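One structure is given here, and the rest of the page talks about it.
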Amino acid sequence: MSASAGIAALPKKRRMATQGLAAARKRVTVLGATGSIGLNTLDLIGRHPDLFSVDALTAHRNVAELASLARQHRARLAVIADPDLYADLKVALSGTDIEVAAGPEALVAAACGPAEFVMAGIVGAAGLAPTLAAVRRGADVGLANKECLVCAGDIVMRDVRRFGGALLPVDSEHNAIFQVFDRDRAATVERIILTASGGPFLNMPREAMADVTPDQAVAHPNWSMGAKISVDSATMMNKGLEMIEAWHLFPVQHHQIDVLVHPQSVIHSMVEYVDGSTLAQLGSPDMRTPIASCLAWPERIAAPSQKLDLAAMGQLTFEAPDPVRFPALRLARAAMEAGKGTPTVLNAANEVTVAAFLAGRIGFLRIAGIVETALDRIDAGAPDTIDAIMALDAETRVRTTELLG
Ligand code: NDP
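Residue numbers (the working numbering): 8 to 412.
Set out below in structure tokens:
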């Protein structure tokens, strides 16, 4: 089976007629404004006040930061996902004309506002409903929230095509591929190669991994990111989720997606063509580069990321991933190949186990072990609606929590 039209889902009008960015300020909604992706997005918006303005900002529980960002960026609307925190946010924004709302429906309402661009920066499957709502009103979406493609990629991509907005990959690897993938000659692509830093435990023996702490796992050598994706990088489940994400985004077959460990995180990914040419996108490991590329697409804007000094760097190195020390990659590939509900189970089981690891309830090596057991025991079925996917996600969370013991 080949992936959905993926990259070809870019609206034709946009591919042919490039409008100047400055024609009108682009309104941006940031889902997950208080997180690493959200803050980097707002940093760029703050540097280009002539090009962008903020419509809605959302967070989960961080009222103080959300209120401060909403004031700073003169947001129209601020939404806190936890409904119990409505009153706190209301107080924190008193004396302003910023609208305040709370709860999951309010997140969806934020995504349905008038912004031309929505940054999907919520972590986990919790981002699915608002991201899909933005897609379904034809907004351009910057997709950082890879979990929503992993657990509901067929539906998300179908609706991107149906409703006509662009889905712009924020993940540095997919953004790199997006920049060098010849969309008009997709059949000439032989392979896409996702690079992986290998995370903080790249050279650690497997036995030693049993004792690593959450603090060690979130201390990524190159990237500064939220806790969940940092742990995913340490297990390399992140690269597994990215394989599935890539399969939905780009018109390639499963076997055309490869992973290559590149510890310096300078080459963000590559596309290999039938004639032997391999095109890559390079940059320093700073998410403001891919985010800028999405915010401005199809134009470019200045970003403060450090420019590369390859001479000073001297060398870039590469190695094959180690399937024994990083079993998550194997699990994710198998889930991608199995398709249907299996990636939903993989994602939900991973979210539960990573949260348990961060809370000190289980050791690092049990993350992949429990995910594997969940994949073995849970009947993934073939959910074909969002409700069925969310039901499978919920069932997997319950069953995986039981497996934690
Ligand atoms: P963070 O943990 O830093 O931020 C997550 C954001 O989502 C916060 O604003 C948080 O609010 C909000 N949030 C968390 N849970 C919920 C929920 N249940 N409902 C609504 N909002 C919620 O994550 P990152 O920014 O690191 O990652 C965000 C997404 O982007 C992930 O899918 C990740 O895989 C992806 N990504 C991130 C990269 C990075 O460099 N960080 C790189 C590539 C992809 P609060 O602060 O209130 O908790």
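Glycine included, C-beta positions come from ideal geometry on N, C-alpha and C.
These figures come from a predicted structure and were not determined experimentally.
The shortest CA-to-CA distance from V196 to any of V142, F124 and H262 is the one to H262. Counting every other CB atom within 10 Å of its CB across the protein chains shown gives V167 a total of 16 or more, marking it as buried.
Shown here, I396 sits in a helix according to DSSP, grouped into three states. Apart from the 5 residues on each side of it in sequence, A141 sits with its Cβ closer than 6 Å to the Cβ of A118, V125 and V148 in its chain, given in chain order.
The beta carbon of R368 sits closer than 7 Å to those of L411, all from its chain and outside the five residues before and after it, given in chain order. Residues of the same chain with a CB within less than 6 Å of the CB of G39, apart from the 5 flanking positions on each side, are G45, G128 and I129 in chain order. Checking the 7 Å criterion, the Cβ of M294 is within range of a heavy atom belonging to the ligand NDP.
Closer than 7 Å to some heavy atom of the ligand NDP: that describes the Cβ of K235. In the three-state reduction of the DSSP assignment, F333 falls in the coil class, being assigned neither a helical nor a strand state. Non-local C-beta neighbours of R78 in its own chain, meaning closer than 8 Å and more than five positions away in sequence, comprise L100, T103 and I105, ordered along the chain.
Counting C-beta pairs closer than 8 Å gives three or more between the segment 170–190 and the segment 147–161, which meets the contact rule. Taking every protein chain shown into account, the CB of M244 has 16 or more other CB atoms within 10 angstroms, so this residue is buried. According to DSSP, T242 shares a beta bridge with no other residue. Within the same chain, L267, H269, I274 and S276 come within 6 Å of T202 by CB-CB distance, once the 5 residues on both sides are set aside. Secondary structure at T360: helix, using DSSP grouped into helix, strand and coil. A straight-line Cα-Cα distance of about 16 Å links L139 and A88. DSSP, reduced to helix, strand and coil, places K235 within a helical segment of the structure shown. DSSP places S60 within a strand segment (E or B) once states are collapsed to three. Between the alpha carbons of P328 and C301 lies a gap of roughly 29 Å.
For the options F208, K314, L209 and I200, the alpha carbon positioned closest to that of I264 is the one of I200.
Under the three-pair Cβ rule at 8 Å, the segment 224–233 does not count as touching the segment 379–398. DSSP places V130 in the coil class of the three-state scheme, outside both helix and strand. Look at the beta carbons and you see the segment 318–338 not touching the segment 69–77: under three pairs across the two are nearer than 8 Å. Per DSSP, M277 is one residue of the beta strand (DSSP E) stretching across I274 to Y280.
For the pair T220 and A241, the Cα-to-Cα distance works out to about 11 Å. Here T41 has A66, N69, E72 and L73 as same chain residues with Cβ atoms under 6 Å from its own Cβ, once five neighbours each way along the sequence are excluded. Rounded to whole angstroms, the separation of the alpha carbons of L248 and D95 is 35 Å. A215: member of the alpha helix (DSSP H) spanning R213 to M216, first to last residue.
Shortest Cα-Cα distance from I308 to any of A401, T36 and D50 involves D50. Per DSSP, the beta-bridge partners of D147 are F124. Under the three-state reduction of DSSP, P176 is assigned to strand.
The secondary-structure analysis by DSSP pairs I200 across a beta bridge with D265 and M277. With contacts defined by Cβ atoms closer than 8 Å, V331 and L353 do not form a contacting pair.
Around the C-beta of P121, fewer than 16 other C-beta atoms lie within 10 Å, and the residue is accordingly described as exposed. In the DSSP annotation of this structure, the continuous segment of the alpha helix (DSSP H) that includes T48 starts and ends at S43 to R54.
Taking the Cα of R190 as reference, the smallest distance to any Cα among A356, F257 and T285 is reached at F257.
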